[in-house]
Amino acid sequence: MRMSKLLVPTLREVPSDAEIMSHKLMMRAGYIRKLSSGIYSYLNLGLRCERKVEKIIREEMDRAGAQEILMPALLPAEAYQASGRWDVFGPSMFKLKDRYERDFCLGPTHEELFTQTVINEVRSYKEYPMTLYQIQTKYRDEARPRFGVMRSREFVMKDAYSFDRDAAGLDESYKKMYDAYCRIFTRLGLDFTIVDADSGAMGGSGSQEFMVKSPVGEDSIAYCDACNYAANYEKAQCIPEKKEFSEGDLALEKVETPDVHTIEELVGFFGTEPYVFAKTIIYKADDKYIAAMVRGDREINEVKLKNLVGCVDDLELAEPFMVRQLTNAEVGFAGPIGLEIEVIADLEVAEMKNFIIGANDTGYHYKNVNINRDFTPSKIADIRVISDGDKCPVCGQPIKTAQGIEVGHIFKLGTKYSEALGLNYTDESGEAKTVIMGCYGIGVTRCIAAAIEQGYDDNGIVLPVAIAPYQAIVVPVNNKEEEQMKIAEEIYEDLKAQGIEVLLDDRAERAGVKFKDADLIGIPLRIVVGKKCGEGIVEYKLRTAESAVEKTIDEAKAEAVEYIKNKL
Ligand code: ATP
Ligand code: MG
7 MRMSKLLVPT LREVPSDAEI MSHKLMMRAG YIRKLSSGIY SYLNLGLRCE RKVEKIIREE
67 MDRAGAQEIL MPALLPAEAY QASGRWDVFG PSMFKLKDRY ERDFCLGPTH EELFTQTVIN
127 EVRSYKEYPM TLYQIQTKYR DEARPRFGVM RSREFVMKDA YSFDRDAAGL DESYKKMYDA
187 YCRIFTRLGL DFTIVDADSG AMGGSGSQEF MVKSPVGEDS IAYCDACNYA ANYEKAQCIP
247 EKKEFSEGDL ALEKVETPDV HTIEELVGFF GTEPYVFAKT IIYKADDKYI AAMVRGDREI
307 NEVKLKNLVG CVDDLELAEP FMVRQLTNAE VGFAGPIGLE IEVIADLEVA EMKNFIIGAN
367 DTGYHYKNVN INRDFTPSKI ADIRVISDGD KCPVCGQPIK TAQGIEVGHI FKLGTKYSEA
427 LGLNYTDESG EAKTVIMGCY GIGVTRCIAA AIEQGYDDNG IVLPVAIAPY QAIVVPVNNK
487 EEEQMKIAEE IYEDLKAQGI EVLLDDRAER AGVKFKDADL IGIPLRIVVG KKCGEGIVEY
547 KLRTAESAVE KTIDEAKAEA VEYIKNKL
């Protein structure tokens with residue numbers, strides 16, 4: 007392709023709403039343009055990159071034995087109503103009505119529709135195991151669309167669904183997808199970490215996420231360098247930490263603590279350490295109220311709590327008026343003593359002695375509290391967030407934490423959707439059974455942003471050959487020089503004939519401008535045709551190399567072809 011004909015509207019200025027590098031660079035390099043919040047158009051470069059990500063995914067899904075189909079994005083409400091997700095998705099589902107007032111949505115994910123397809127089309131148990139997938143546009147009215155295509159409201163997802171006769175079959179199907187995902191993300195050039203993920207309170211026997219570690223990632227992960235343990239924060243198992251508390255069974259004391267609310271203020275007031283306090287937080291779990299307790303220096307893990315209490319819809323902080331009603335005190339003075347709702351204490355709280363809690367009386371705290379003497383929690387469980395330096399639950403070495411971008415998610419669903427929608431089969435002995443499902447997603451468009459987060463420098467995008475929009479660029483330094491133009495054209499035509507996706511920068515621009523643009527848009531290999539071309543010498547430079555090297559024209563062409571073909 008000739009640069010003079012290619013729509014590459016590069017920008018000098020960074021759009022003001024672009025916060026992270028991948029977003030800034032995709033805008034500056036003319037990959038994407040914003041149409042509305044979380045809605046983007048793909049220009050030629052962005053689309054080519056997207057198609058390459060799709061191609062790699064498609065090849066590996068096919069290799070793993072999955073079959074591609076395509077469901078609509080505009081979906082009737084019924085299947086989502088049957089599964090309950092018409093309501094569960096809440097405001098994040100784009101809902102609309104047709105001219106006859108019938109309910110539709112724009113598909114946020116397609117478990118229901120794939121389940122329905124299998125109900126309608128599969129005739130015999132002999133057809134299982136079966137894995138179906140699609141690469142389709144998804145719609146989610148995200149609460150905070152941001153970071154460009156990283157978290158958008160319209161995005162492309164590869165979603166696959168496996169259908170098996172039993173749990174052992176699901177394990178196998180899941181393993182195949184796991185292996186395919188490893189190959190996909192490796193081919194995309196992503197440095198990824200596989201983490202154990204939460205599979206929710208309802209059904210599901212296992213789930214893993216493929217994360218790209220990055221400071222801009224919106225997920226938090228805990229990992230151990232000593233062994234292979236890695237988990238999403240939501241799931242990471244916490245080992246109680248031993249702390250020193252005052253010895254003996256000190257007498258419970260109610261202390262006046264006027265205007266002292268936060269843990270920091272309490273630490274100052276009592277002249278002690280945060281871990282000597284236990285905080286009590288009141289939550290609304292579906293339609294009941296519960297209290298959760300963690301040590302003062304810890305945070306409650308709401309996902310663990312939600313799963314523990316079997317909360318189906320929503321777990322949220324109790325409204326202040328309910329806190330007042332339940333504790334007879336202003337917010338900030340809640341404690342377990344005398345509280346008439348379920349109290350769930352973290353494992354570490356169970357190991358505390360002579361500690362300090364809110365007294366359910368405005369302006370008062372209790373000190374020297376001892377569990378089982380002064381109050382008895384209804385449940386003791388791991389409900390806290392893991393932190394840096396915590397012991398690894400597998401090997402005991404210190405845990406590290408990092409932010410991660412979730413690029414893929416694989417999930418053993420079990421019978422959640424097959425039961426809700428009635429996907430059953432009759433086995434060889436005539437017995438009726440429920441089909442066991444798994445689901446497997448990849449954020450296709452998010453992968454591009456993740457790849458750029460991992461690959462950029464001061465000059466712009468640095469993409470691997472496998473997904474860069476074009477593989478090479480030939481730059482004549484001065485297109486008024488006939489010889490330079492002629493040789494550049496020849497190299498360009500030759501590389502094209504050898505199957506290389508190559509650009510020719512034939513624009514009447516200064517060489518510096520052309521080099522800048524080639525770097526900005528992330529072309530992995532550049533051949534510059536300058537003054538020495540008459541002697542048969544050109545400059546050859548990889549996007550990742552510090553500087554260019556001189557080569558003969560034939561060497562440059564041969565090496566370019568070899569380099570690129572090896573990277574595919
Ligand atoms: P997140 O926690 O980031 O909102 P999710 O867990 O809700 O994602 P899944 O339902 O697991 O997402 O979807 C499968 C994949 O689709 C994710 O792993 C992610 O890569 C991608 N994805 C999800 N939401 C978005 C979005 N708003 N924009 C771009 N990609 C997305
Ligand atoms: Mg997910």
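Numbering (the numbering used here), first residue to last: 7 to 574.
For glycine and all other residues, C-beta sits at the position ideal for the given N, C-alpha and C.
Since the model is a prediction, treat every value here as computed from it, not as a measurement.
What residues match up with residue i in a beta bridge as DSSP calls it?
| i | result |
| --- | --- |
| methionine 217 | Thr199, Glu412 |
| tyrosine 118 | Here residue 118 turns out to be glutamate, not tyrosine, going by the sequence shown. Partner(s): none; glutamate 118 has no beta bridge. |
| phenylalanine 582 | No answer is possible for residue 582: it lies beyond the span of the chain, which begins at 7 and ends at 574. |
| alanine 297 | Ile288, Val349 |
| phenylalanine 283 | Ile362 |
| threonine 143 | Val162 |
| lysine 373 | Glu259 |
| leucine 510 | Arg8, Val480 |
| glycine 466 | Asp463 |
| tyrosine 46 | Lys40 |
My understanding is that residue i touches residue j, with C-beta atoms under 8 angstroms, so please give their C-beta distance in whole angstroms.
| i | j | result |
| --- | --- | --- |
| leucine 256 | asparagine 360 | 5 angstroms |
| histidine 116 | aspartate 147 | Their Cβ separation, rounded to whole angstroms, is 17 angstroms, which puts histidine 116 and aspartate 147 out of contact at 8 angstroms. |
| lysine 260 | tyrosine 370 | 6 angstroms |
| leucine 13 | leucine 49 | 6 angstroms |
| leucine 429 | valine 94 | Actually they do not touch by this definition, with Cβ atoms about 19 angstroms apart. |
| leucine 138 | isoleucine 75 | 5 angstroms |
| glycine 302 | alanine 324 | The Cβ separation is near 20 angstroms, so there is no contact. |
| isoleucine 473 | valine 162 | Isoleucine 473 to valine 162, Cβ: 14 angstroms. No contact. |
| alanine 455 | valine 266 | Not confirmed; about 45 angstroms, so no contact. |
| valine 534 | glutamate 552 | Rounded, the Cβ-Cβ distance is 15 angstroms, inconsistent with contact. |
| glutamate 19 | leucine 427 | Actually they do not touch by this definition, with Cβ atoms about 51 angstroms apart. |
Could you tell me whether any non-hydrogen atom of the ligand ATP is closer than 7 angstroms to the CB of residue i?
| i | result |
| --- | --- |
| histidine 29 | no |
| glycine 461 | no |
| valine 413 | yes |
| serine 10 | no |
| valine 64 | A small correction: the amino acid at residue 64 is arginine; valine does not occupy that position in the sequence shown. Checking every heavy atom of the ligand ATP against the Cβ of arginine 64, none is found closer than 7 angstroms. |
| arginine 452 | yes |
| methionine 136 | no |
| serine 22 | no |
| arginine 150 | no |
| arginine 91 | no |
| serine 47 | no |
| arginine 6 | The structure shown does not extend to residue 6, since the chain spans only 7 to 574, so no value can be given for it. |
| glutamate 224 | yes |
With distances taken from CA atoms, which of the options is nearest residue i?
| i | options | result |
| --- | --- | --- |
| cysteine 167 | Glu487, Glu305, Ile141, Phe100 | Contrary to the premise, residue 167 reads as tyrosine rather than cysteine in this sequence. Nearest option by C-alpha distance: Ile141. |
| alanine 237 | Val222, Glu565, Ile493, Gln409 | Gln409 |
| aspartate 320 | Gly206, Leu194, Ser213, Ile405 | Gly206 |
| arginine 157 | Ile45, Leu323, Ile506, Gly113 | Ile45 |
| glutamate 346 | Gly338, Thr333, Phe339, Glu354 | Thr333 |
| threonine 451 | Arg54, Lys11, Ser42, Met7 | Arg54 |
| glycine 505 | Lys422, Ala566, Glu489, Pro482 | Ala566 |
| alanine 242 | Val201, Lys439, Lys385 | Val201 |
| glycine 6 | Glu118, Phe100, Tyr180 | Examination of residue 6 is not possible in this model, given that the chain is present from 7 through 574 alone. |
| aspartate 525 | Gly36, Asp23, Lys310 | Gly36 |
| threonine 558 | Glu552, Ile570, Glu541 | Glu541 |
| aspartate 380 | Ile362, Tyr106, Arg193, Asn572 | Ile362 |
| proline 530 | Arg549, Glu515, Gly96, Glu412 | Arg549 |
| leucine 196 | Cys453, Ser22, Tyr145, Arg330 | Cys453 |
| alanine 83 | Ile62, Asp109, Arg69 | Asp109 |
Does DSSP put residue i in a helix, a strand or coil?
| i | result |
| --- | --- |
| proline 404 | strand |
| threonine 558 | strand |
| arginine 129 | coil |
| threonine 368 | coil |
| lysine 101 | strand |
| threonine 432 | strand |
| methionine 27 | helix |
| glycine 212 | strand |
| proline 326 | helix |
| valine 124 | helix |
| leucine 272 | helix |
| valine 386 | According to the sequence shown, residue 386 is isoleucine rather than valine. Three-state result, isoleucine 386: strand. |
| arginine 152 | strand |
| isoleucine 527 | coil |
| cysteine 111 | strand |
| glutamate 253 | coil |
Say yes only if the C-beta of residue i is nearer than 7 angstroms to one or more non-hydrogen atoms of the ligand MG, and no if none qualify.
| i | result |
| --- | --- |
| glutamate 117 | no |
| glutamate 247 | no |
| glutamate 215 | yes |
Please determine whether the Cβ atom of residue i lies at a distance below 7 angstroms from any heavy atom of the ligand SAH.
| i | result |
| --- | --- |
| methionine 163 | Ligands displayed in this structure: the ligand ATP and the ligand MG; the ligand SAH is not among them. |
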